[in-house]
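Below: one structure, written as structure tokens.
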Amino acid sequence: MFENMGDMGKMLEGMQENAKKLQAELESKTFKVKSGGGMVEVAINGKGEVTDINIDDSLLEDKDSLQILLIGAINDAYKMVEQNRQKSALGMFGGMNPFESK
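Just remember that my numbering sits 499 ahead of the position in the sequence shown, which is counted from 1.
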């Protein structure tokens with residue numbers, strides 16, 4: 500498969516460069532999630548850091564509902580980030596999942 504170890508080293512270097520580019524691309528993305536019909540909106544970056552939260556003023560009097568909607572929005576945002584990471588990682592393998600059992 501490889502003529503010599505140098506070819507394999509070049510291939511690994513290329514994969515590392517692609518992984519770094521992918522990581523930087525993922526970290527630059529922003530995901531926004533709405534909860535409660537748009538009463539709570541959470542923005543999260545590709546690193547999984549919450550960057551913004553918007554709360555409808557009507558929820559400020561209802562702490563329990565606010566907490567529930569905020570938790571739901573944050574959890575949904577983290578799921579979006581993770582799904583995007585997985586999708587991007589699979590893209591590196593040309594759409595083939597090397598971890599999938601057949």
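Even glycine gets a Cβ: it sits at the ideal position worked out from N, Cα and C.
Minimum Cα-Cα distance from I567 among the listed residues L589, E540, M510 corresponds to E540.
Our two residues, D563 and A576, have alpha carbons roughly 20 Å apart in a direct line. Look at the beta carbons and you see the segment 542-550 touching the segment 575-590: at least three pairs across the two are nearer than 8 Å. Proximity to M538 across L558, D551, L521 peaks at L558, based on C-alpha coordinates. Cβ contact annotation for V549 (same chain, cutoff 8 Å, sequence separation greater than five): V541, A542, I543, I573, A576, in chain order.
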